[in-house]
Amino acid sequence: MFLAESVNELVLWKLILQILPEAEKSENEIGIKDCVMLCPNCFDKLFYNSILYKPPVKITGFNDFSLATTVSHTYYQAFGNCSYIQYLPQTDFSVVVPYMCYEMYQSCYAYITNATNSATGFFATEFAPHCFERMFCGCRALTTAPTIIGSTNKKAADYCCYQMFSDCYNLKSVPNIACSEGANYSFSGCFGDCSSLTHVIFSIVNLGAHTGTFNDCFGSGKRLYSLTEISFPLLTLSSIDWPIGMFDGWVGGVDTIGVLSCTQSVANAIGDTRGQDYIPDGWSIRVINY
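With my numbering, the residue at position 92 of the sequence shown is 92, and numbering never jumps.
Shown next as structure tokens:
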């Protein structure tokens with residue numbers, strides 16, 4: 001296990017990883033202690049572009065909320081372009097900081113298949129600006145995503161899940177994305193070109209007054225032939241009108257057979273209007289009550 005206790009120790013660790021043979025670049029656990037408070041980019045590109053088969057089993061985050069304003073880019077591209085990586089480390093972040101996992105696993109496309117909340121998975125209930133942006137982008141062998149991202153009593157953050165699973169075209173099981181309120185472009189492009197999806201659940205309570213929250217969420221070009229249901233089981237709209245500028249082109253990549261499961265207020269706001277800014281032509285609405 002390696003747990004950094006100082007900035008100097010962390011820098012030395014990163015240098016050693018660049019020198020060691022690829023087969024030796026695996027630890028049981030890597031992480032960071034609270035005393036490394038002013039060290040942005042501390043694990044950025046840690047294993048980037050390496051022939052890494054077995055990454056650390058566990059990655060630890062912060063447990064001091066005061067760090068959220070002092071540290072960013074913690075695991076930026078840490079495993080980027082690791083095309084042979086076989087599993088995801090366990091990650092359970094009690095505090096999420098800006099750009100924390102930005103492009104963390106980008107283009108780990110060859111073997112990685114499971115990102116569930118398990119011993120080899122990912123789990124987080126917090127959001128910060130850009131925290132999970134493009135985190136799994138291009139992981140084309142990924143079939144199972146985390147069980148849930150966020151919490152219904154936590155607000156989303158600007159660009160927090162922007163293009164998070166973009167181009168994961170074998171992804172079949174996706175997270176229940178939960179938050180008490182959306183944010184600017186928080187889920188924009190999140191599932192672009194995910195052509196194997198069948199059902200996506202957004203456990204979002206309120207939209208708030210934001211811009212582009214779901215813009216281009218499911219990409220464009222009608223590549224998502226398998227997606228037949230989108231659910232908003234908790235969302236209540238305060239206006240009788242569908243929010244303009246928050247769903248621009250959000251279902252542009254969705255085919256023409258499917259159902260939107262939602263609350264009565266959402267159904268009322270959409271009415272009979274169809275199109276890529278509302279719901280696809282040919283889709284129906286099913287009102288659900290939880």
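Cβ coordinates follow ideal geometry from the N, Cα and C atoms, glycine included.
Quantities reported herein were computed from a predicted structural model and do not represent experimental measurements.
- By the 16-neighbour rule on beta-carbons within 10 angstroms, Ala157 is buried.
- Ser261 and Ser231 have their alpha carbons spaced roughly 5 Å apart.
- Its chain contains Phe187, Ser188, Gly189, Cys190, Phe191, Trp250 as the residues whose beta carbon lies nearer than 7 Å to that of Cys217, once the 5 sequence neighbours on both sides are disregarded; these appear in chain order.
- In this structure, the alpha-carbon of Tyr169 lies about 31 Å from that of Gly271.
- When DSSP states are grouped into helix, strand and coil, Asn268 belongs to the helix group.
- Leaving aside the five residues that flank Ser196 on each side, the residues in its chain whose CB is nearer than 7 Å to its CB run, in chain order, Tyr169, Asn170, Leu171, Lys172, Ser226.
- With respect to the C-alpha of Asp167, the residue from Val266, Ala183, Gly253 having the closest C-alpha is Gly253.
- Excluding its 5 nearest sequence neighbours in each direction, Leu207 has C-beta neighbours in its own chain below 8 Å: Glu181, Gly182, Thr213, Leu235, Leu237, Pro243, Met246, listed in chain order.
- Distance from His130 to Pro175 at the Cβ level is roughly 18 Å; contact not present, criterion being Cβ atoms closer than 8 Å.
- Residue pairing by DSSP leaves Lys172 without any beta bridge partner.
- Assignment of Phe202 by DSSP, reduced to helix, strand and coil, places it in the strand class.
- Ranked by Cα distance from Ser239, the first of Thr74, Gln264, Thr147, Val259 is Gln264.
- One Cα belongs to Trp283, the other to Ile201, and the distance between them is close to 16 Å.
- Tyr162 sits close to Glu133, with the two beta carbons spaced by under 8 Å.
- Thr152 is the residue among Gly219, Asn215, Thr152, Asn184 whose C-alpha sits nearest the C-alpha of Val205.
- Looking at the DSSP output, Gly150 bridges to Ala178.
- Around the C-beta of Ala78, 16 or more other C-beta atoms lie within 10 Å, and the residue is accordingly described as buried.
- Around the CB of Val266, 16 or more other CB atoms lie within 10 Å, so the residue is classed as buried.
- Here Lys45 carries a coil assignment [DSSP, helix/strand/coil].
- The three-state secondary structure of Ile285, taken from DSSP, is strand.
- Counting along the chain, no beta strand (DSSP E) covers Glu133, and no H or E run does either.
- Each residue's CA atom was taken as its position, placing Ser83 and Ala269 some 45 Å apart.
- Per DSSP, reduced to three states, the secondary structure at Ala156 is coil, with no helix or strand assignment.
- Straight-line spacing of the CA atoms in His199 and Ser107 works out to 24 Å.
- Rounded to whole angstroms, Thr228 and Gly219 show a C-alpha spacing of 15 Å.
- Between Asp277 and Asp248 the beta-carbon gap is near 6 Å, inside 8 Å, which marks them as a contact.
- With distances taken between CA atoms, Ile288 lies nearest to Ser203 out of Gly275, Asn215, Ser203.
- A straight-line Cα-Cα distance of about 29 Å links Pro89 and Asn184.
- Val259: member of the beta strand (DSSP E) spanning 259-262, first to last residue.
- In the structure shown, the three-state DSSP call for Leu227 is coil.
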